[in-house]
Structures are given as C-alpha cells and as structure tokens.
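*Asks:* Residue numbers (my numbering), protein chains in the order written: chain Z, 2 to 110; chain R, 7 to 121. Shown below is the structure under consideration.
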Amino acid sequence: SQQGEEDPQALSIQEGENATMNCSYKTSINNLQWYRQNSGRGLVHLILIRSNEREKHSGRLRVTLDTSKKSSSLLITASRAADTASYFCVRGSNYKLTFGKGTLLTVNP
Amino acid sequence: EAEVAQSPRYKITEKSQAVAFWCDPISGHATLYWYRQILGQGPELLVQFQDESVVDDSQLPKDRFSAERLKGVDSTLKIQPAELGDSAMYLCASSLEWGLQETQYFGPGTRLLVL
C-alpha cells in the first residue's frame with residue numbers, strides 16, 4: 002500500500018520561485034526521505050531526515066519533519082527549469098522504503 | 007560515477023508469455039532491490055536481497071514472479087506468465103548495506119508493456 006501522501010499532486014511555478022511540497026504519513030517511521038524522478042536521470046535520492054530530527058538542509062533543499070503531526074515538507078528555493086520532476090516522499094521503517102504517489106513539479110523558464 | 011545497470015530498457019510482450027529482466031548493481035553493494043512502478047504511482051518494493059539471500063519478498067506475487075541473485079552480484083526478475091496488469095516500470099536499486107539509513111541507488115528501469 003502507498004504511504005506518505007504528497008500534497009499537492011501537481012505544482013507549476015516560474016523559474017526563481019520557491020516550491021513547497023508536503024507529505025503526510027500514517028504509521029511510525031525511522032526516517033523520512035525525499036526522492037526525485039525525471040526522464041533524464043531516473044530516480045535519485047535527495048535527502049534523508051531521521052525521526053529525531055526536525056529540519057535538514059542540503060543546498061537549495063530544506064526538509065522539515067513533524068512526527069507529532071506525521072508530516073514533512075520539502076522546500077526547493079530559487080527553482081530552476083532542471084528541477085522539473087516528480088518528487089516522492091518516502092517512509093523508511095521496518096527495513097523498507099515505502100513511496101508516496103509523488104508531486105509533479107513543473108518549473109517554467 | 008558508478009551506476010546500476012538494467013536491461014532491457016523496454017520490453018513488449020503478449021500475455022501468457024515469459025519475460026525476464028536483468029540488473030547489475032553498483033560494485034560492492036550488498037543489498038539489491040526490485041521495485042514495480044505503475045504509471046502515476048510511486049515505486050512499490052517487490053523483493054530485496056542481502057547478498058544472495060532474500061530478506062523480504064512479501065510483496066512478490068510468487069505464483070508468477072520469481073527473482074534470484076545466485077552469486078550475490080547481478081539479479082534476474084522473471085514473470086511467467088505475463089498478464090495485462092503487469093505493464094509497468096520495473097526498477098532495480100542497490101545499497102551498500104541493508105539498513106534504513108543507506109541510500110538506495112536506482113537504475114534506469116525496464117518499461118514493460120503486456121499486450
């Protein structure tokens with residue numbers, strides 16, 4: 002079954018704007034990961050945040066995790082056309098990764 | 007940069023036929039995963055190996071799907087017989103070790119169309 006439901010399902014922005022994607026999940030996690038998928042580079046790991054962490058940064062990415070609300074958010078700052086992709090919230094628990102349905106981000110030049 | 011290799015990239019077959027997909031993980035990676043991704047959905051884990059041993063195949067439809075990693079390196083996923091509902095992208099991934107903190111590296115996938 003799919004866990005980690007992303008919101009919105011689709012997002013269209015202009016280059017240079019920030020993009021925020023949210024994720025909710027139902028059961029306990031060990032960590033929460035975000036992956037990106039596009040036709041050019043396939044599925045790529047972006048960032049991992051552990052259940053005892055609240056915020057993490059990597060380049061233009063900022064991830065937050067609220068375990069009390071079972072939710073996470075991914076912020077991409079100063080977006081570029083190359084950021085156009087599907088972004089998946091991935092729940093890590095029981096030695097498995099469980100992917101959500103993804104948010105399709107389109108960055109218009 | 008080391009990558010996960012998969013072949014073929016595309017496969018068209020008729021229902022009731024047998025199909026096989028091959029995956030070569032990044033050298034030195036002990037853990038290998040097969041996922042299925044239906045269009046518009048996220049990948050779903052089918053089976054994972056630690057070296058040559060299956061550690062989880064709870065989501066693998068064992069009546070028609072089989073997977074092996076005989077020497078603990080490359081792996082084959084087979085479907086026999088294929089059904090229309092098997093049309094999907096089949097992704098292979100590998101990680102250095104078996105653990106939730108390990109990054110999984112994905113191959114380009116095999117897109118299967120069953121007619």
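Just so you know, even glycine gets a beta-carbon here, dropped at the ideal spot from N, CA and C.
Using the beta-carbon count (16 or more within 10 Å), is Z:V91 buried or exposed?
*Replies:* Taking the first residue of the first sequence as position 1, residue 91 of chain Z is located at position 90. Buried: at least 16 other Cβ atoms inside 10 Å.
*Asks:* Closer than 9 Å, Cβ to any Cβ of chain Z: which residues of the region 83-105 of chain R, in chain order?
*Replies:* Listed by position, the residues of the region 83-105 of chain R near chain Z (Cβ gap below 9 Å) are L97, A99, W104, G105.
*Asks:* Determine whether the beta carbon atoms of R:A99 and R:Q110 lie at a separation below 8 Å.
*Replies:* Position 93 of the second sequence, counted from the first residue, corresponds to residue 99 of chain R. Position 104 of the second sequence, counted from the first residue, corresponds to residue 110 of chain R. Cβ atoms of R:A99 and R:Q110: closer than 8 Å.
*Asks:* Which same chain residues, not among the five before or five after Z:I50, have their C-beta less than 6 Å away from its C-beta?
*Replies:* Position 49 of the first sequence, counting from 1, holds the residue named residue 50 of chain Z. Taken in chain order, the residues that qualify are L33, K57, V64, L66.
*Asks:* Have a look at the DSSP bridge pairing and note the partners of R:L90.
*Replies:* What you label residue 90 of chain R is simply residue 84 of the second sequence in a count that begins at 1. In DSSP, R:L90 forms no bridge with anything.
*Asks:* Do Z:I48 and Z:G1 come within 8 Å of each other at the CB atom, strictly closer than that value?
*Replies:* The question about residue 1 of chain Z has no answer here: the residues shown for chain Z are numbered 2 through 110.
*Asks:* Looking at chain Z, is there any beta carbon in it that lies within less than 8 Å of the beta carbon of R:G34?
*Replies:* The residue given as residue 34 of chain R occupies position 28 in the second sequence. No, R:G34 lies away from the interface with chain Z (no Cβ there is under 8 Å from its Cβ).
*Asks:* What did DSSP end up calling Z:A82 once you bin it into helix, strand or coil?
*Replies:* Locating residue 82 of chain Z in the first sequence gives position 81, where the first residue counts as 1. Z:A82 falls in the helix class under three-state DSSP.
*Asks:* What are the complete beta strand (DSSP E) segments, minimum 3 residues, inside the region 61-109 of chain Z?
*Replies:* As far as the region 61-109 of chain Z is concerned, its whole beta strand (DSSP E) runs of at least 3 residues are 62-67, 72-77, 86-94, 97-100, 104-109.
*Asks:* At which residues does the beta strand (DSSP E) containing Z:N32 begin and terminate?
*Replies:* Translated into the one-based positions of the first sequence, residue 32 of chain Z becomes position 31. Note, Z:N32: beta strand (DSSP E), 32-39.
*Asks:* Report all residues from its chain with a CB closer than 7 Å to the CB of R:L76; omit the five preceding and five following residues, and keep chain order.
*Replies:* Against the second sequence, residue 76 of chain R aligns to sequence position 70. Closer than 7 Å at Cβ, skipping near neighbours: E58.
*Asks:* Can you give the Cα-Cα distance for Z:S73 and Z:R42, rounded to whole angstroms?
*Replies:* The residue you call residue 73 of chain Z lines up with position 72 of the first sequence. The residue you call residue 42 of chain Z lines up with position 41 of the first sequence. Straight-line Cα distance between these residues: approximately 24 Å.
*Asks:* Taking a Cβ distance cut-off of 9 Å, strictly less, list which residues of the region 30-56 of chain R are near chain Z, in chain order.
*Replies:* Result list: Y39, Y41, Q43, G46, Q47, G48, P49, E50, L51, Q54.
*Asks:* In chain R, what lies closer than 9 Å to Z:K102 by C-beta?
*Replies:* What you label residue 102 of chain Z is simply residue 101 of the first sequence in a count that begins at 1. Under the 9 Å cutoff, chain R gives G46, Q47, G48.
*Asks:* CA-CA distance, R:F112 and Z:S52?
*Replies:* Locating residue 112 of chain R in the second sequence gives position 106, counting from the first residue. Locating residue 52 of chain Z in the first sequence gives position 51, counting from the first residue. Rounded to the nearest angstrom, the two C-alpha atoms are 24 Å apart.
*Asks:* May I have a chain-ordered list of the beta strand (DSSP E) segments no shorter than 3 residues that lie completely inside the region 62-111 of chain R?
*Replies:* Listed in chain order, they are 71-74, 81-85, 94-101.
*Asks:* Per DSSP, R:Q56 forms a beta bridge with which residues?
*Replies:* If you number the second sequence from 1, residue 56 of chain R lands on position 50. Per DSSP, R:T37, R:S59.
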